[in-house]
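Positions in the sequence shown are counted from 1; adding 430 to them yields our numbering. Note that CB positions come from ideal geometry on N, CA and C, so glycine has one too. Just so it is clear, the structure is predicted and the values come from calculations on it, not from any experiment. One structure is given here, and the rest of the page talks about it.
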Amino acid sequence: MANPTKFIASCMEYAGLIGFFLIYKFAPHEYALRAASIFLLIFTFIQIAYFKLNKIKMTRAMIFANVVTILFSIPTIVFNDFQYVRIKLLILKTVMFVVPLIFLLFKANFLYVLFGDLHGLEKLDKREFNIINWWFIALSGISLLITIYAYISLDDDAFLTLKTFWLPILGIGYIIPIMYYLFKKEYKLQTNK
Numbered sequence: 431m432a433n434p435t436k437f438i439a440s441c442m443e444y445a446g447l448i449g450f451f452l453i454y455k456f457a458p459h460e461y462a463l464r465a466a467s468i469f470l471l472i473f474t475f476i477q478i479a480y481f482k483l484n485k486i487k488m489t490r491a492m493i494f495a496n497v498v499t500i501l502f503s504i505p506t507i508v509f510n511d512f513q514y515v516r517i518k519l520l521i522l523k524t525v526m527f528v529v530p531l532i533f534l535l536f537k538a539n540f541l542y543v544l545f546g547d548l549h550g551l552e553k554l555d556k557r558e559f560n561i562i563n564w565w566f567i568a569l570s571g572i573s574l575l576i577t578i579y580a581y582i583s584l585d586d587d588a589f590l591t592l593k594t595f596w597l598p599i600l601g602i603g604y605i606i607p608i609m610y611y612l613f614k615k616e617y618k619l620q621t622n623k
């Protein structure tokens with residue numbers, strides 16, 4: 431039987447975001463953003479406590495996600511303003527484009543530093559991580575350009591649709607090279623047996 435503690439930990443990685451979007455979607459409009467952000471902030475602290483109490487190692491990616499959640503949730507709760515959401519998304523997309531470029535200046539790979547300790551990704555070699563890193567930078571640049579256009583040109587409803595639907599679909603593109611290399615390695619292992 432699977433370890434229930436690890437199963438709960440796995441579910442916690444996504445439950446916070448699912449809860450955030452459900453609350454945001456179904457709460458009264460004037461309270462939706464604040465209520466969803468409060469939920470996500472509380473859930474993040476519960477998640478951190480659960481991992482610490484059960485002595486489960488948090489991956490660097492999870493630590494990064496929790497730090498970003500805390501840094502952006504608190505101002506969202508305080509301001510409770512859609513203009514802040516627009517600015518926050520622009521800042522986040524800019525950071526996700528610029529930070530990997532800064533890492534390259536120091537001959538470091540942002541995605542390896544962030545995700546290199548995730549189960550399965552340790553199988554990828556340096557060349558594959560470099561390709562994945564450049565793919566991430568390219569998609570982050572496209573995402574940033576779309577966000578800048580949306581920030582300048584779209585009304586709040588269209589911006590929200592872009593933020594909650596279209597940009598996450600573009601985000602799925604981030605995993606394409608990762609899945610390609612993992613499937614390729616698995617295929618080689620299967621054919622070499």
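Can the beta-carbon of residue i be found less than 8 Å from the beta-carbon of residue j?
i: residue 540; j: residue 529; result: yes
i: residue 579; j: residue 559; result: no
i: residue 457; j: residue 544; result: no
i: residue 553; j: residue 615; result: yes
Tell me whether residue i sits in a helix, a strand or coil according to DSSP, three-state version.
i: residue 614; result: helix
i: residue 548; result: coil
i: residue 431; result: For residue 431, the predicted model reports a pLDDT of 49, less than 50, meaning its position is unreliable; a value from the coordinates is still stated below. In this structure, residue 431 counts as coil in the three-state DSSP scheme.
i: residue 492; result: helix
i: residue 555; result: coil
i: residue 585; result: coil
i: residue 593; result: helix
i: residue 403; result: Limits of the chain in this structure are 431 at one end and 623 at the other, which puts residue 403 out of reach.
i: residue 457; result: coil
i: residue 622; result: coil
Given residue i, which residues of its chain have a CB within under 6 Å of its CB, disregarding the five upstream and five downstream residues?
i: residue 570; result: 526 and 527
i: residue 480; result: none
How long is the line joining the alpha carbons of residue i and residue j, rounded to whole angstroms?
i: residue 586; j: residue 618; result: 48 Å
i: residue 599; j: residue 577; result: 14 Å
i: residue 433; j: residue 485; result: 14 Å
i: residue 612; j: residue 594; result: 28 Å
i: residue 533; j: residue 563; result: 10 Å
i: residue 431; j: residue 508; result: Its pLDDT being 49, under 50, residue 431 is placed unreliably in this model, and the coordinates cannot settle the point.
i: residue 459; j: residue 467; result: 13 Å
i: residue 574; j: residue 566; result: 12 Å
i: residue 584; j: residue 622; result: 53 Å
i: residue 478; j: residue 551; result: 23 Å
i: residue 561; j: residue 607; result: 8 Å
i: residue 609; j: residue 591; result: 27 Å
i: residue 435; j: residue 546; result: 23 Å
i: residue 446; j: residue 572; result: 27 Å
i: residue 438; j: residue 496; result: 17 Å
i: residue 462; j: residue 556; result: 43 Å
i: residue 443; j: residue 596; result: 22 Å
i: residue 512; j: residue 620; result: 51 Å
Sorted by chain position, which residues of the same chain lie with C-beta nearer than 7 Å to residue i's C-beta, five sequence neighbours on each side aside?
i: residue 469; result: 449, 450 and 453
i: residue 505; result: 514
i: residue 589; result: 516 and 580
i: residue 488; result: 481
Below 8 Å CB to CB, which residues in the same chain sit around residue i once its five sequence neighbours on both sides are set aside?
i: residue 518; result: 502, 505 and 506
i: residue 500; result: 471 and 474
i: residue 464; result: 506, 507 and 510
i: residue 604; result: 565, 566 and 569
i: residue 494; result: 544
i: residue 548; result: 489 and 491
- Contained alpha helix (DSSP H) runs [length at least 4] in the region 501-545, N- to C-terminal order: Within the region 501-545, the complete alpha helix (DSSP H) segments of 4 residues or longer fall at 512-535 and 540-545, listed in chain order.
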